[in-house]
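Protein chains in written order, with the working numbering: chain A, 756 to 1019; chain B, 756 to 1019.
Protein chains: 2
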Amino acid sequence: MRVEIWSDIACPWCYIGKARFEKGLAGFAHRDGVEVVHRSFELDPGRAKGDTVQVTDMLAAKYGRGADEVRAMEEHVATQARSEGLGYRSEGRDHGSTFDIHRLLHLARARGRQNELLDLAYRANFAEERSVYDDGTLVRLAVEAGLAETEVREVLADPDAYADAVRDDEREAAELGANGVPFFVFDRRIGVSGGQPAEVFTQALEQAWGSRTTVTMVGAGAGSGEVSGEAGGEVCDTDGACAVPASKSGPASDPASAQAGAPS
Amino acid sequence: MRVEIWSDIACPWCYIGKARFEKGLAGFAHRDGVEVVHRSFELDPGRAKGDTVQVTDMLAAKYGRGADEVRAMEEHVATQARSEGLGYRSEGRDHGSTFDIHRLLHLARARGRQNELLDLAYRANFAEERSVYDDGTLVRLAVEAGLAETEVREVLADPDAYADAVRDDEREAAELGANGVPFFVFDRRIGVSGGQPAEVFTQALEQAWGSRTTVTMVGAGAGSGEVSGEAGGEVCDTDGACAVPASKSGPASDPASAQAGAPS
Chain A
756 MRVEIWSDIA CPWCYIGKAR FEKGLAGFAH RDGVEVVHRS FELDPGRAKG DTVQVTDMLA
816 AKYGRGADEV RAMEEHVATQ ARSEGLGYRS EGRDHGSTFD IHRLLHLARA RGRQNELLDL
876 AYRANFAEER SVYDDGTLVR LAVEAGLAET EVREVLADPD AYADAVRDDE REAAELGANG
936 VPFFVFDRRI GVSGGQPAEV FTQALEQAWG SRTTVTMVGA GAGSGEVSGE AGGEVCDTDG
996 ACAVPASKSG PASDPASAQA GAPS
Chain B
756 MRVEIWSDIA CPWCYIGKAR FEKGLAGFAH RDGVEVVHRS FELDPGRAKG DTVQVTDMLA
816 AKYGRGADEV RAMEEHVATQ ARSEGLGYRS EGRDHGSTFD IHRLLHLARA RGRQNELLDL
876 AYRANFAEER SVYDDGTLVR LAVEAGLAET EVREVLADPD AYADAVRDDE REAAELGANG
936 VPFFVFDRRI GVSGGQPAEV FTQALEQAWG SRTTVTMVGA GAGSGEVSGE AGGEVCDTDG
996 ACAVPASKSG PASDPASAQA GAPS
């Protein structure tokens, strides 16, 4: 089963929601059969690279509130984060364009290192207050996640690298009706919006797992409805023969139209 | 969208079916949005490592036919392969346990090199008549596919490495009702059995694509049926705010329960 998670590194509920999802996954009996894919969603897609501000200043300006109130807002989120065992420093964090981080997360996915990079980027942004908005930090995080430095620098230097992958993810989120993140989709059957309690994720996993083998066959020989063992086309089967479709009498009894891949 | 393909390297219809699928994919408008995952299916799971025989000898013994008849059977498959532009040598091929190849294909998947390794292994087995049943060839193929030699040797030396991944794939194939391969599943909605014509794959891709955003929301705030933009839980949205669920009046107007991830 596959779980797709749309998120943004700038989104505290994504950071917290990931921990809650992972707690829900830990409570799911078939967790070893679950693959997780992280997908891109920029909360602030209009922000230019290099246009970086302090989160607290941005919050104060946006809501017209003083520093104390902003700190209280951040502390509320920090409390939620800490209750999930996550570090969260409520001051000194930067806010900027996350496009390059998303591009690197796609590179990391292609190299089997996506979850590692995402965890390191979240920790850097929320717990360590390292700015994830400069190339130097991004390179260090990506190398720490197991990527090759040369390849990381090439991706950062080429604004088109994985740019379409980021935009495709964002288009798909819109098609799925996701206006915010985190947004979780289980085998394209079940969706969960937001950083919900771990039990909700366990329930969604169980529901999606239960229906994961309900597939409609199409093509030659396909019956309607559920999967049939004899759905047509040219197959090699576990009886030991590779038949051509003309061999309706059964491949093993008609060697002229069979070719073996696995004799018993 | 994700396509899962169960196959075995020993299966000529898998080799041919992969080419037909890829032709079907090339004719699909949204091909750039399709991810392909190759899954394990051993046609001859009982065969021990090192127990390798000539395919033609095995066919002759299995069907009690002479060398000429066996050659005719193989030539039939070869004709189909060549019509797809694939090399196929009908004599001199080995047959053996494919368990280690499947384990390496899982390693390759984790490193983003699965398709490369599968193509090289198919070509070695069917077109070049290199035996894919000895470790030396497997190491060379895996390195050629872009894997690190040390890691490949470690996996080959440890029979447990990725063994569960192979068996999980095979269990899932059984649950899906697949008795033979190749077996194609599109977003866990649509299935195709066998090496069918390219048009069948294009049709399956189109059908699965059309329904890929039909997701049922669960959890707090989820309505029944289709995705809702306000499905509940704590989200950061593109309006620029990260709300807590208590903020039912809307995050942007209630800064005390909001924390910004993306101001506009």
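Backbone N, C-alpha and C fix where the C-beta goes; we use that ideal spot for every residue, glycine too.
- With distances taken between CA atoms, residue 810/B lies nearest to 829/B out of 829/B, 823/B and 796/B.
- Legend: CB atoms of the stretch 821-838 of chain B lying less than 9 Å from CB atoms of chain A belong to residues 824, 825, 827, 828, 829, 831, 832 and 835.
- Between residue 869/A and residue 876/A, the beta carbon gap of about 10 Å keeps them out of contact (Cβ cut-off 8 Å).
- Within the same chain, 829, 830 and 833 come within 6 Å of residue 845/A by CB-CB distance, once the 5 residues on both sides are set aside.
- Those residues of the stretch 759-776 of chain A placed with their C-beta closer than 8 Å to a C-beta in chain B are 763, 765, 766, 767, 768, 769, 771 and 772, ordered along the chain.
- At a cut-off of 8 Å, the C-beta of residue 891/B has no neighbouring C-beta in chain A.
- Contact between the stretch 941-952 of chain B and the stretch 954-974 of chain A is present: 3 or more CB-CB pairs across the two stretches fall below 8 Å.
- Residues of chain A whose Cβ lies closer than 7 Å to the Cβ of residue 852/B do not exist, since the nearest Cβ in that chain is about 10 Å away.
- Here the C-alpha atom of residue 777/A lies approximately 29 Å from the C-alpha atom of residue 889/A.
- Rounded to whole angstroms, the gap between the alpha carbons of residue 843/B and residue 827/B is 13 Å.
- Per DSSP, residue 769/A has no beta-bridge partner at all.
- Annotated three-state conformation of residue 788/A is helix, per DSSP.
- Residue 916/A and residue 847/A have their C-alpha atoms some 30 Å from each other.
- Among the residues facing chain A, residue 945/B is included, as its CB has a counterpart in that chain under 8 Å away.
- 769/A is the residue among 780/A, 954/A and 769/A whose C-alpha sits nearest the C-alpha of residue 835/A.
- In this structure, DSSP gives residue 848/B a state outside helix and strand, which the three-state scheme calls coil.
- Closer than 8 Å to the CB of residue 872/B there is not a single CB belonging to chain A.
- Judged by their CB atoms, residue 762/A and residue 793/A are nearer to each other than the 8 Å cut-off.
- Taking all protein chains in view, the Cβ of residue 989/A is crowded by 16 or more other Cβ atoms within 10 Å, so the residue is classified as buried.
- Scanning its chain for C-beta atoms nearer than 7 Å, with the 5 sequence neighbours on each side dropped, one finds around residue 963/A the residues 756, 941, 942, 944 and 945, in chain order.
- Against residue 865/A, the close residues of chain B are 867, in the order they occur along the chain (beta-carbon pairs closer than 8 Å).
- Under the Cβ distance rule, residue 897/A does not count among the residues neighbouring chain B, no pair being separated by less than 8 Å.
- The beta carbon of residue 892/B sits closer than 7 Å to those of 879, 885 and 886, all from its chain and outside the five residues before and after it, given in chain order.
- By DSSP's assignment, residue 808/A forms a beta bridge with 850/A.
- The C-beta distance from residue 766/B to residue 936/B rounds to 5 Å, short enough to meet the 8 Å contact threshold.
- Contact of residue 812/B with chain A is not assigned, every C-beta pair being separated by 8 Å or more.
- Listed along the chain, the chain A residues whose CB falls inside 8 Å of the CB of residue 959/B are 973 and 974.
- In this structure residue 806/B is exposed. Its beta-carbon is surrounded by fewer than 16 other beta-carbon atoms within 10 angstroms.
- With fewer than 16 other CB atoms across the displayed protein chains lying within 10 angstroms of its CB, residue 840/B is exposed.
- Within the stretch 946-975 of chain A, the alpha helix (DSSP H) runs of at least 4 residues that lie entirely inside it are, in chain order, 953-965.
- DSSP places residue 886/B in no beta strand (DSSP E); its state is neither H nor E.
- Scanning chain B for C-beta atoms nearer than 7 Å to the C-beta of residue 930/A yields 968, reported in chain order.
- The alpha carbon of residue 882/A has as its nearest neighbour, out of 849/A, 909/A and 899/A, the alpha carbon of 849/A.
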